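Have a look at the structure below before the remarks.
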Amino acid sequence: MSILNLSNILEIYLAIAALLFGIGVYGMLYQRTLIGMLISSELILAGASLNFMAFSRFLAPDPTTGQIFTLFIMGVAAAEAAIALSIIIAVYRNYKSIDTEDVAGLQG
Amino acid sequence: MGKESLQSAIIRFAPLDKLLDLGRANSLWPMTFGLACCAIEMMATGAARFDLARFGAEVFRPSPRQCDVMIVAGTISKKMAPAVQTLYDQMPEPKWVIAMGNCAISGGPFVFEGQYGIVEGADKLFPVDVFIPGCPPRPEALIEGILELEEKVTGHRRWPRVEAV
Amino acid sequence: MNDLARSQNQETFVLNLGPQHPATHGVLRVKLTMDGEYVVHAEPVLGYVHRMHEKMGENRTWAQFMPNTARLDYLGALSYNHGYVKVVEQAMGIEVPERAEYLRVITVELNRIASHLLWYGAFVLDLGGFTPLLYAFDDREHVLDLLESVTGSRLTFCYFRFGGLYNDVDDNFVGGARAFIKRLRRRLPDYHNLVTKNIILIKRLKDVGVLSAEMCRKYGATGPVLRGSGVDYDVRRNEPYSVYPELDFEVPVYGEGDSMARYMVRMDEIEQCMRIVEQALDKLPEGPVVAEKVPKILKPPPGDYYSAVEAARGTFGIRIVSDGTNTPYRMKLRSPTFSNLSLFGEASRGMLLPDALALMGSLDLVIPEIDR
Amino acid sequence: MISLFTAEGLAGLVFLFIVAVTIGGALIAVNSIRLPRAITGLAISFVGVAGLYYFLNSPFVAVMEMLIYVGAVCVTIVFAIMLADPGDEQRVGRRSAIGAPVAFGVGALLFWGLALLGINTMWPAAAARVSDGSVKDIGHSLVTTYGMVFELISLVLLLAIIGSLVLARAGRSKS
Amino acid sequence: MSGYFKELFGGTKSLAVGLGITIKYMVKPVVTVQYPHETLVMTPRFRGHIELVGNEETGAPNCVVCGMCQKACPSNCISLAGEKPEGAKKKILTSYILDFTKCSLCGLCVESCKFEAIAFSRDYNLAGPRKDAYVFDLKKRLEEKSG
Amino acid sequence: MILSEPWRLLVFVAGIIAFIALNAAYLVWLERKVAGHIQRRIGPKEVGPFGLLQPLADGIKLMSKQLLVPKGVDPLLFKVAPLLVLVPAVMSFVTIPFSEKLVARNIDIGLLMIFAFASVNVMGLLLGGWGSNNKYAVISAARAVSQNVAYEIPMLITVVTMIMLTHTMNLNEIVIQQAGGVWNWHIFANPLMPIAFLIFFICSLAETNRAPFDLGEAESELIAGFHTEYSGMGFGVFFMGEYANIIIGCGLATILFLGGWQCPFGILPGWWWFLAKVYFLIFCVMWIRWTYPRTTLWGLLNLSWKILIPFSLLILLLTGAMIKVWPLITGAS
Amino acid sequence: MLDELKNEFASLVPVPLIETDYRFKGYHLDVEVGPDQVVAAAELLDRRGFFLEAITGVDWLGKAPLSNQPEVEAGEAGEGGGAGKAEAATAPPTDKMEVVYDYNRTVGELCRVAVRCRLDRANPELPTVSRLIPGANWHERETHDFFGIIFSGHPDLSPLLLPEDADFHPLRKDFKA
C-alpha cells in the first residue's frame, strides 16, 4: 500500500471524518462565542457528511443514497445557519454580546 | 525621493532599474485630490481637450494607497495641512508630488503679513518634485509638469519641448 | 479613517467623509453618524480651505481686493467680480457706461453657463456617470476660450474694474459667443437624452432630498436650491441691477423641492442664460467701457454698504464698511453655498448614503466659497 | 508502488494536499480568537472537504459543497459577525483555563474512538452497483425514492427563511 | 400594473437612447489637442507672468522706475530698484524681480503702468523641478531676449 | 481514473493564468481606449504604438510598488482576500470551452462548477473588505455581497431554464447543440430567449460589480470600495480577478446563448469566434459603463426583485410548459 | 409694507430706526437694537417671511461706529466722503463690537433690513437667534470664530472655519498672527 494510494481506502476517509468530528466537538467546547460554536457545529456536520459519502462510495449498492443524504445535510445546515445567525443577531441586539456566558447571566 | 529607499531593497541591476523607471514614469496615477481653484484646471486637463490619458496618467485613484503622484492643486490651509500630510504618508513608495499653482508652491496671493490660515507652500510639508506656477496654471502646464516628472524619473525626456510664442 | 471606532450607541457608527473625499468637491469634511447605510446625523465640518479673504480685505486697497473675488467662487468668478465692483460703485456713486454693463452681463452669463456645465458634469459624476462630465467639459472649453480671449484667464477672471472693464471686446468675441450659443443649443438635447431622461438618474433623483420652501427660508438658502423648492426669487429680477431689467428672461422654478427639481432649474437656467446673452449681444451699444470720472485712489465715504448679485449658486451678498480710507474697514462676504450647505445636516437625516451624497451634489458646493 | 509521475501518483499527492487543507482549515477555524479568521479557516476546510468529495467520485456534491457552504453559509456567518462584532479585545483572556484541556480531551477521545471503530470494523465488501451515482441518478432518486424527504427539506428551508426573517425583524423594530 | 410596464418600457427606451448617444460620440472624431506635439495658440490677451518691454530700437527697458506697479500689486511680487546716474534725466532700472509664485495674474500692475514698460508674456506651460526658477529677473530676461 | 490527464490540466491552468493576466491588462487598455473615444478623447497613446505598452508600464509599476499592510488589519485575511478573488476565477476557466478541443476539463457539471467558484469570489470580496479595517471597505463589501446574492437568484433561474432546454450542464455539449447557422443559437431557440439573455447579461453585470451596478466601488461614495486599502499588486490582483470575472460572465453568456465557439460561416477556427463574441460582449459592458450613472442599492434590489426575478420565473414556467405541454398538445413525442 | 414694519419696530425699539437710501446703501431699513431685543427683532421679521442672509461682526476698536449717524448718511448720498470723515473724527471713540444681521425676503416688495446690535468690546455677549432661525447657527459660529462674540444659548460654538483648536479671533482689529 503506497502513501499515494490512500484515496482509495475507506478507512482513511473514516479517519478524516472522525478527526473533523473531533475537532468540531473540541471547538464546540472550546469556543465561547455563539458564532464560534456555530462554526464548530458546521465542522461536525462536515464530518458526518464525509462518512455518508465514504460509505456510499465504497459500500452501498446504490451510490446515490449517500450523496442525497449529504445534500440533505447541506440543506439542513444552511437552514440551521440562517436560523442560528438570526438568533445570534437577535441575542446580540438584546444583550449587546454574543458571549454565551453573558447571555446565560442576563437571562436570570 | 522614494526611489532611493526602493533601490536599496532591490538588487541594483541597471537594466532592471531602467525598466522599472520606464514603467513608473509611464504610469503615473494621480490622486483624486483637489484643494481649490487649480483642481478645476486639473479636471480640465483630464478632459477631452487636453486628455492626460495619452500619457497613461488619467487613472485618478480616490484612494491614496493606489496613487503614485499627488497633485497638490490649491491652497493648503493650516487646518488641512495634517490631512494632506496623512494622505502623503498613506501613499506607498515610490511616490511623487507635483505642486500645482502658486498657492501650492508658496501660498500664492494669500500670503500677507500676519496671515493666520495657510501653509506657505507644499514643500513645507513634504518634498515636492515638480512645481507648476500659475494662478491657475493652464492645463498645458500640468501636462508639462507630468512630462517633467517623467523626465525626472527616467532621466531623459521623450517629448519635444514647446516654447511659448 | 483607519479605526473602526464605534460610537457609544453600538447600532450606529461614525463615517468620516473627507476632508479628502471624491464626493465633497474639494475639501469638505462631513461627519456622518450612520445606522448601516442610513444617515442618522450629518455634520459638515468647514474651514479646510479658509483663505482669509475677509482679513485680506482689510489689508488691501479697494482695487487690490479684486483678484480675491475671483478666487471665492472660482467657477463663477465674474459674478463675484460684479458683486464687488457693484457695491463699491454704489458707494462711490460711479456711473458705469452702458456698453460696459452689457459686456458685464454677457460675460457673467457666459460664466454662469460654464459654471452650470461644470456642475452638471460633477453632479452626474457624483451619481457615478463619468462621460457627461467630459461632454460638459468639452462645451465648457468653448466658453472658456471665449472668456479667455477677453479676460486673459480661464478660471479666476479679474476682468471688471470700478467704473467699467479691464478692456473692450472685439468682433471675434461677439461672433464667437453667437457660435457658442448655437453649438450649445445643439448639444443640450443630447445632455437631456443622455442624462435627464435616463431612468436610473430619475430613480435616483425623484423625490430624493426634498427641501421645503419653509426650510429654505429658515436656512437662508438661495439660488437654484431655493428655486427648486418652488420659491420664485432671483436677484436679477427681484432686485434688478446692471442692465437686467432691459433683458427678457424667465426664472425657472420647480416646486417639487427634490434633487431632480434643482437639477432641472440649473438645466433650464443654462437656456435662459443663452437667451440673455443673445439679447445682450443684439443690444450691445457702442461706446467706452470705462467710466470717465473714476478717482485714481478710491476712498468710499464712511458708512456701510450692502449689495447682492445673483451668482451661479445663489445670492452673493457683500457688505463693506468703509472708514473713508483707501482700504476697507470691514468686508463681509455672504456666500450662497454657506447657507445652502447649512441645511444639509437637517435635510439629510434619515437618508441613504448615496441619496445624501446626491443631495449634497445638487446643492452645487464650491468649498472655497464656503470657507472664504 | 505507484510512481509519483503518473496520473495516479499525482492524484495521490493532490489527495494528501487536500487532506492537509481540510484538517488545517478546521484547526484554524476552531483555534482562532478572531472570528473572521475562524471563518476563513472554515471556508478553507470546506474547500478541502469538497476536494474529498471529488475523490469520492461525486463531483456534483463537491460543487454543491462549495456553492452552499463556502458561498452561502460562510458568507452568512461573516455577515453575522459584521452585524454583531464583539470586538477582539473583549474576548481575549475570557477563555477559562480548564476549558481548553477538557475540550481537547473530549475531542481527542471522540476522534480516537470513532477512528478506531472505523478502522477496526470489517466492512462488508461493496455489493453490486445498481447505478453509478451520476448526477442523473441523483436527480432520479431525488424525485422518486426520496421524494418525500425532498419536499420536507424544502419545507424546512421555507421555515428557516420565515423564521430568520421574523427573528431579524423583531430585533430591528426594537432598535 | 400598466404603470409598471410603462416604466419598464420607458426606462428601457431611455437606456437605449443613452447608449445611442455615447456610440454616436464614439465614432465622431476626437477633440483632443495633443499638447507636446501640437498646441493651442494663446489669445493676444493671454495673461502669463509679466515681462519687461524694451524699446524697439535700443532694447533698453521702457521702465522709468516709478514704482507704480509695485504699489498696485496686491501680493507684493514685484520688487524693483533703480538709480539715477549722474547727469541723467531719468532713473535707470537696475533690477526688476518678479516673484511669480505669489502672482495672481490680476493685471493691476500692467494697468497701472503708464509707460507701457510691462506686458504679459506668453509663457503658458511653465513647469520645473525648482521653485526658485520662478523668481524671474525680468531685466536679465529682457537683455537676453534683445540679444 | 479521476485525474486522467493531470499534465494537460497543468498546462491548461498555466495557459489560463497567462491568458487572464494578458487579458486583464489589455482589457484595461481597451477600456481606457473605449472610454476615451466615447468621451471624444484619445486615451492611452504615447506609451508604445497606440499606447499598447501602457498595460505593461502599469504592470511593472504595480509590481514594483510598495505593498502596504495598514496597521490594524488582520494580515492573513488582508493577503488571502485578493487570492480568493483571483483563484476561483482561474478555476472557473477550467471548464470553459474555447473551442471544441480547447477546453481544460470537459466536466459534465461545468455550468454548476462555474457558479460554485463564483460564490467563492464573494467570500474574497467580503474578507477583503472586512480585513481592511476601513469603514468604506466594510460598507462596500457588504454592498457587493448583498448585490451578488440578490442577482444570483435570477441568474440561476435563467440558467435552470437553459438546462431545461439543453438537458445538460456540460458547456461543450451546450455549444455543440447550437451548431449550424445563427438561428440555431439558443438566443433564438424560442421567443423568450432574448429576454432570458438580457436578464442573464444584466445579472452578470451585477455579479461582476460593473457599472451601473458598481456599488461596491462607488468612487463618489466609498473611495475605492473594498480595495481602498490595497496598494500595488494587491490592488492589481483584485483588478485581474475583476476582469477575469467579466470574461467569465461574458464567456458564459456566449456559450449559453450565442453559440460559443460555433461559427456561423464556417471560416476561421472556433476559438476565434468564441473570443470575438466574448470581446463584443465585453465591449458592450464597457459601453454601458461609460454611459450610465450608478444605481443605488435599493434601485438594484428593486430591479432584481420586481423585474428580473418575476420575468425569469415566467420564462422558466413558459419554457417548461413549452417543453412538456407543447408536445402533449401537438401529439409529438 | 415698509411703514407697517417700521411701526412694529418702533414699538419694539425706542432708538434709531433709519430708513436708508436703498440705491446708495443697498438696504432699506437700518434698525439698532439692544442685545436683549435681538431675538424679538428676529421673531418679528421671521413672522413677516424674512430670511436671514448673513450675520457679521464689526470691530470698532478705538473708533466710533460710523454708519449709525443719520446726518452722515443723509448728507453724503452719492457724493465723496470728506464730510463723513470729519464727522467720524469728532465722535468720541468707544470700544464697541457690532453685530449686524442682514434680513431679506423672497416674497412681496423688496425689503432689506439690517439689524445691528452694539456690544461692549470687553464683554461681547448676546443671545442666539439660532433656535428661531436654524440657518443662523453657522453664521453665529462664524462670527464667534472671527470676533469672539459669544452667542449665549448657541448649541455649539466650536470653531467653524478656523482649526478646531483655534483660540484666536482674526478679524478683531488688535489681532496679530
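Chains as they are written, first to last, in numbering that gives the first Met the number 0: chain L, 0 to 107; chain G, 0 to 164; chain A, 0 to 371; chain Y, 0 to 174; chain H, 0 to 146; chain W, 0 to 332; chain Z, 0 to 176. The beta-carbon is built from N, C-alpha and C at its ideal position, and this holds for glycine as well. Predicted model, so just to flag it, every value in this text is computed and none were measured.
Worksheet item: Name the chain Y residues that come within less than 8 angstroms of residue 6 of chain L, Cβ to Cβ?
Response: Those within 8 angstroms of residue 6 of chain L in chain Y are 10, 11, 14, 54.
Worksheet item: How about residue 312 of chain A: is its C-beta nearer than 7 angstroms to some C-beta of chain Z?
Response: So, not an interface residue.
Discussion item. My output table needs one value for residue 143 of chain Z: the three-state DSSP class, helix, strand or coil.
Written reply: In this structure, residue 143 of chain Z counts as helix in the three-state DSSP scheme.
Discussion item. Please report whether the beta-carbon of residue 20 of chain H lies at a distance below 7 angstroms from any beta-carbon of chain A.
Written reply: Yes, contact with chain A.
Practice prompt. Output yes if chain Y places a C-beta closer than 7 angstroms to the C-beta of residue 72 of chain L; else output no.
Written response: Chain Y contact via Cβ: absent.
Worksheet item: Quick one: Cα of residue 153 of chain W to Cα of residue 146 of chain W, how far?
Response: Each residue's Cα considered, the two are about 12 angstroms apart.
Fill in: Beta-carbon gap between residue 37 of chain L and residue 23 of chain L smaller than 7 angstroms
At least 7 angstroms separates the beta-carbon of residue 37 of chain L from that of residue 23 of chain L.
Practice prompt. Could you name the residues that DSSP lists as bridge partners for residue 116 of chain Z?
Written response: Answer by DSSP bridge pairing, in chain order: Z:32, Z:98.
Item to complete: Check each residue of the region 29-42 of chain W: if its Cβ is closer than 7 angstroms to any Cβ of chain B, include it; give the result in chain order.
Response: Included in the structure are the protein chains L, G, A, Y, H, W and Z, with no chain B among them.
Fill in: With 16 other Cβ atoms within 10 Å as the buried cut-off, status of residue 292 of chain A
Answer is exposed; the Cβ neighbour count stays below 16.
Item to complete: Mind listing the chain W neighbours of residue 73 of chain G? Cutoff is C-beta to C-beta under 8 angstroms, in chain order.
Response: The contacting residues do not exist; residue 73 of chain G stays about 19 angstroms from chain W at best.
Practice prompt. Answer with buried or exposed for residue 0 of chain H, where buried requires no fewer than 16 other C-beta atoms within 10 angstroms of its C-beta.
Written response: With fewer than 16 other Cβ atoms within 10 Å, it is exposed.
Practice prompt. For residue 48 of chain W, name the three-state secondary structure that DSSP assigns.
Written response: Reduced to three states, the DSSP call for residue 48 of chain W is helix.
Discussion item. Helix, strand or coil, according to DSSP, for residue 17 of chain A in the structure here?
Written reply: Note: residue 17 of chain A maps to coil in three-state DSSP.
Fill in: As assigned by DSSP and simplified to three states, the class of residue 34 of chain A
Strand, per DSSP.
Fill in: Beta-carbon contacts of residue 88 of chain Z that lie in its chain and below 8 angstroms, excluding the five residues immediately before and after
Model confidence at residue 88 of chain Z stands at a pLDDT of 47, short of 50, so the residue's coordinates are unreliable; what they give is reported in the following sentence. Closer than 8 angstroms at the Cβ level, and outside the excluded window around residue 88 of chain Z, lies no residue.
Fill in: Nearest neighbour of residue 51 of chain Y, chosen from L:91, L:25, L:19, L:59 [CA to CA]
Considering only alpha carbons, the answer is L:19.
Worksheet entry | Buried or exposed (CB count within 10 angstroms, at least 16 for buried), residue 163 of chain A | With 16 or more other CB atoms across the displayed protein chains lying within 10 angstroms of its CB, residue 163 of chain A is buried.
Worksheet item: Can you find a C-beta in chain H that's less than 7 angstroms from the C-beta of residue 74 of chain A?
Response: No - not a single Cβ of chain H is within 7 angstroms of the one on residue 74 of chain A.
Worksheet item: Quick one: Cα of residue 336 of chain A to Cα of residue 369 of chain A, how far?
Response: One C-alpha to the other measures close to 6 angstroms.
Worksheet entry | Distance between residue 95 of chain A and residue 52 of chain G (C-alpha atoms, nearest Å) | Approximately 46 angstroms, taken between the alpha carbons.
Practice prompt. Anything in the region 93-105 of chain G with a Cβ closer than 7 angstroms to a Cβ of chain H? List those residues in chain order, please.
Written response: When C-beta distances to chain H are compared with 7 angstroms, the residues of the region 93-105 of chain G below that value are 101, 104, 105, in chain order.
Discussion item. Is the separation between the beta-carbon of residue 130 of chain G and that of residue 163 of chain G shorter than 7 angstroms?
Written reply: In this structure, residue 163 of chain G does not lie closer than 7 angstroms to residue 130 of chain G by Cβ.
Worksheet item: Looking only at its own chain, which residues have a Cβ that is under 8 angstroms from the Cβ of residue 121 of chain G, when we skip the five neighbours before and after it?
Response: Non-local C-beta neighbours of residue 121 of chain G in its own chain, meaning closer than 8 angstroms and more than five positions away in sequence, comprise 71, 75, 83, 96, 98, 103, 104, 127, ordered along the chain.
Item to complete: Tell me the start and end of each unbroken alpha helix (DSSP H) in the region 184-270 of chain A that is at least 4 residues and wholly inside, in chain order.
Response: Within the region 184-270 of chain A, the runs of alpha helix (DSSP H) that reach at least 4 residues and sit entirely inside it are, in chain order, 198-204, 212-218, 223-226, 234-237.
Discussion item. Just verifying my parser: in three-state terms, what is the DSSP assignment at residue 79 of chain L?
Written reply: Residue 79 of chain L: helix per DSSP, three-state reduction.
Worksheet item: Would DSSP call residue 95 of chain G helix, strand or coil?
Response: Here residue 95 of chain G carries a strand assignment [DSSP, helix/strand/coil].
Worksheet item: Does the beta-carbon of residue 161 of chain Y have 16 or more other beta-carbons within 10 angstroms, so that it is buried, or is it exposed?
Response: Label assigned to residue 161 of chain Y: exposed.
Worksheet entry | chain A contact for residue 111 of chain G (CB, 7 angstroms cutoff) | Among the residues facing chain A, residue 111 of chain G is included, as its CB has a counterpart in that chain under 7 angstroms away.
Worksheet item: Mind pulling the alpha helix (DSSP H) runs of 4 or more residues that sit fully within the region 3-44 of chain L?
Response: List check, alpha helix (DSSP H) in window: 9-29.
Discussion item. Is it buried or exposed, residue 56 of chain L, if we count other Cβ atoms within 10 angstroms and call 16 or more buried?
Written reply: Buried, because 16 or more other Cβ atoms sit within 10 Å of the Cβ of residue 56 of chain L.
Item to complete: Give a yes or no on whether the C-beta atoms belonging to residue 53 of chain Y and residue 61 of chain Y are separated by under 7 angstroms.
Response: In this structure, the beta-carbon distance from residue 53 of chain Y to residue 61 of chain Y falls below 7 angstroms.
Worksheet item: So, helix, strand or coil for residue 35 of chain G, using DSSP?
Response: Three-state result, residue 35 of chain G: coil.
Item to complete: Look at the alpha carbon of residue 250 of chain A and the alpha carbon of residue 146 of chain A, and state the distance between them as a whole number of angstroms.
Response: In a straight line, the C-alpha of residue 250 of chain A is about 24 angstroms away from that of residue 146 of chain A.
Worksheet item: Thinking C-alpha only, which one of Z:94, Z:33, Z:38 is nearest residue 59 of chain Z?
Response: Ranking the options by Cα distance to residue 59 of chain Z, first place goes to Z:94.
Worksheet item: Shorter than 7 angstroms from the beta carbon of residue 41 of chain Y to some beta carbon of chain L?
Response: The beta-carbon of residue 41 of chain Y is placed less than 7 angstroms from the nearest beta-carbon of chain L.
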